Amino acid sequence: MDILIFEAIFRLHYNDLCNYALRYIQNKDVAEDIVQNFFITIWEKDIKLTEENILPYAYTAIRNGCINYYKSELIRENFLNEALEELEFQNEEEEPFLYKKEVRLAVNKLPEKCRKVFLLKCIHDLKYKEIAEIMGISVNTVKYHLGEAFRMMREELKDLL
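To get the numbering used here, take the position in the sequence shown, counting from 1, and add 1.
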């Protein structure tokens, strides 16, 4: 790919692709890394892209990069703690959350898959299909685990209502 064409494509689409990645990843630095990795890949592999076909290819690659990021996050041991801290932080920004300790304990009691599905849906606001891709399960299994998580959370927190 010609350096001038590559540079023009980069300048024209970089910000839009970062904003697209931010829809999936609520961390600006990570979103920018994913977009930069996309551009590095197309440069290194000398992928022939034109103005007409760059966006469909880019959106798919960026979305897959975001999904891969979440897959790697699931592997990390402190994924649960980070998600719970994010929940706690979000609630502190909006209004004081009286039952954060009880919710944290209830989330910790969920079976591992239910907990991961619950956090990906409720904290990261991913769609069922995206959660299914990240976890390597079907959409129906995502729905099942989410239903179970909500049922268990309702049962665990019933005394608070």
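Glycine is no exception: its CB is placed at the ideal position from the N, C-alpha and C atoms.
Just so we're clear, the structure is a prediction, and the values are computed from it rather than from any experiment.
Between residue 46 and chain B, is there a C-beta pair that is closer than 8 Å?
The question asks about chain B, but that chain is absent: this structure has only one protein chain.
Nearest to residue 43 by CA position, among 156, 103, 118 and 4, is which residue?
4
Looking at the unbroken alpha helix (DSSP H) that takes in residue 17, where does it start and where does it end?
4-25
If you run the structure through DSSP and keep just helix, strand and coil, what is residue 101?
helix
For residue 116, I'd like the list of residues in its chain whose CB is within less than 8 Å of its CB, leaving aside the five on either flank, ordered along the chain.
81, 108, 109 and 150
Nearest-angstrom beta carbon gap, residue 135 and residue 147 [assumed within contact, 8 Å]:
The Cβ separation is near 13 Å, so there is no contact.
Count the other CB atoms, across all protein chains shown, that sit within 10 Å of the CB of residue 132; report buried if there are 16 or more and exposed otherwise.
buried
In three-state terms, what does DSSP make of residue 48?
coil
Assuming residue 22 and residue 67 make a contact with CB atoms under 8 Å, what is their CB distance in whole Å?
6 Å
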